[in-house]
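Numbering (the numbering used here), first residue to last: 839 to 1023. C-beta: ideal position from N, C-alpha, C; glycine also. Notes for the one structure printed next.
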Amino acid sequence: MPDGDTDRSGGRTALVLGGARSGKSRFAEQLVLSARLPTLYVATAEARDGEMSERIAQHRARRDASWTTREQPLDLVGALAGAEGRAVLVDCLTLWLSNLLEAGRDPVAEGERLAAALGAMATPVVLVSNEVGSGIVPMNALARRFADEQGRLNQRIARAVRNVFFVAAGQPLRLKPRTEPEYSL
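Encoded structure:
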């Protein structure tokens, strides 16, 4: 599916990238609300410790009772099934990837399944993911694999959606579609 060309949502699919605490989730929530449809929040996080429980609680506190939440750490395609007529927020692909790797699932195949499902959706879908490749090269093989897989997943989903944003310091920057001419020398 090249560059969101088969996006049935009317161009209302988006990937929101950013670092930790960049404001990407808050921005993604605003995008979903702008669709003026009932909202579905697909959560991939699992509260495995106190710090993660606190993060989840902070995210929940920002959303009012009108949001329906589906917690799905592995089967995003299944979680998206039946979402027609709603604006969907998936938060986040980074934890989803971590869950896939921990479960021994193939992240490339799962990413392809997700991209295909996004192309078939006729409803707005916004996905949140971390940009993890801007730091130092990790010192262990598992961390390097994770960074590599995250980069590939982000690229695959960016090709599948119509809109891509990067958020830093709470400020969104549109990456796709491009608003300036293509770069050349």
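Notebook entry, point to check: For Cys930, does the count of other Cβ atoms within 10 angstroms reach 16, so buried, or fall short, so exposed?
Noted result: Taking the sequence shown and counting its residues from 1, one reaches residue 930 at position 92. It is buried - the Cβ of Cys930 has at least 16 other Cβ atoms within 10 Å.
Next item on the list: Could you pull out every residue in the same chain whose Cβ sits closer than 6 Å to the Cβ of Val928, ignoring the five residues on either side in sequence?
Entry: By 1-based counting over the sequence shown, the position of residue 928 is 90. Excluding residues within five positions, the ones whose Cβ falls inside 6 Å are Val880, Leu965.
Check: Under the rule that 16 or more other beta-carbon atoms within 10 Å means buried, what is Ile974, buried or exposed?
Finding: Within the sequence shown, numbered from 1, the residue matching residue 974 stands at position 136. Of the residues assessed, Ile974 falls on the exposed side of the cut-off, its CB having fewer than 16 other CB atoms within 10 angstroms.
Item checked: Beta-carbon separation (whole angstroms), Glu969 vs Asn992, contact threshold 8 Å -> As a working note, residue 969 is residue 131 in the sequence shown. As a working note, residue 992 is residue 154 in the sequence shown. The Cβ separation is near 7 Å, so the contact holds.
Item checked: DSSP three-state assignment for Thr906, whether helix, strand or coil -> Walking along the sequence shown from the start, residue 906 turns up at place 68. Thr906 falls in the strand class under three-state DSSP.
Item checked: Reference Pro876; option with closest CA among Ala921, Val946, Thr932, Leu952 -> Mapped onto the sequence shown, residue 876 falls at position 38. Nearest C-alpha to Pro876: Ala921.
Notebook entry, point to check: Between Leu794 and Phe1004, is the Cβ-Cβ spacing less than 8 Å?
Noted result: The chain is shown from 839 up to 1023; residue 794 falls before or after that span and cannot be answered.
Next item on the list: Starting from Pro945, trace the alpha helix (DSSP H) both ways and give me its first and last residue.
Entry: Locating residue 945 in the sequence shown gives position 107, counting from the first residue. First-last of the alpha helix (DSSP H) with Pro945: 945-958.
Checklist line | Rounded straight-line distance, which links the Cα of Gln1009 to that of Asp913 | finding: Here residue 913 refers to the residue found at position 75 of the sequence shown. Here residue 1009 refers to the residue found at position 171 of the sequence shown. Their Cα atoms are separated by approximately 31 Å.
Item checked: Terminal residues of the beta strand (DSSP E) in which Val1002 lies -> Taking the sequence shown and counting its residues from 1, one reaches residue 1002 at position 164. Unbroken beta strand (DSSP E) run through Val1002: 1001-1006.
Notebook entry, point to check: Short check: CB of Val915 to CB of Thr961, under 8 Å?
Noted result: Translated into the one-based positions of the sequence shown, residue 915 becomes position 77. Translated into the one-based positions of the sequence shown, residue 961 becomes position 123. Going by C-beta atoms, Val915 is not nearer than 8 Å to Thr961.
Next item on the list: Whole angstroms is fine: what's the gap from Gly861's alpha carbon to Arg951's?
Entry: Within the sequence shown, residue 861 is the residue found at index 23, counting from 1. Within the sequence shown, residue 951 is the residue found at index 113, counting from 1. Roughly 28 Å separates the two Cα atoms.
Item checked: With 16 other Cβ atoms within 10 Å as the buried cut-off, status of Glu892 -> Taking the first residue of the sequence shown as position 1, residue 892 is located at position 54. Exposed.
Note to self: Please classify Ala958 as buried or exposed, where buried requires at least 16 neighbouring CB atoms within 10 angstroms.
What the structure shows: Reading the sequence shown from its first residue, position 120 is the one you call residue 958. Exposed, since its Cβ has fewer than 16 Cβ neighbours within 10 Å.
Margin query: Please state whether the Cβ-Cβ distance between Val946 and Ala852 is less than 8 Å.
Written below: By one-based count along the sequence shown, residue 946 stands at place 108. By one-based count along the sequence shown, residue 852 stands at place 14. No.
Margin query: Please state whether the Cβ-Cβ distance between Ser1033 and His897 is less than 8 Å.
Written below: This structure does not reach residue 1033, given that the chain is present from 839 up to 1023, and the question cannot be answered.
Notebook entry, point to check: Hey, is Gly957 close to the ligand SAH, as in C-beta under 7 Å from one of its heavy atoms?
Noted result: The model on display carries no ligand, and the ligand SAH is accordingly not part of it.
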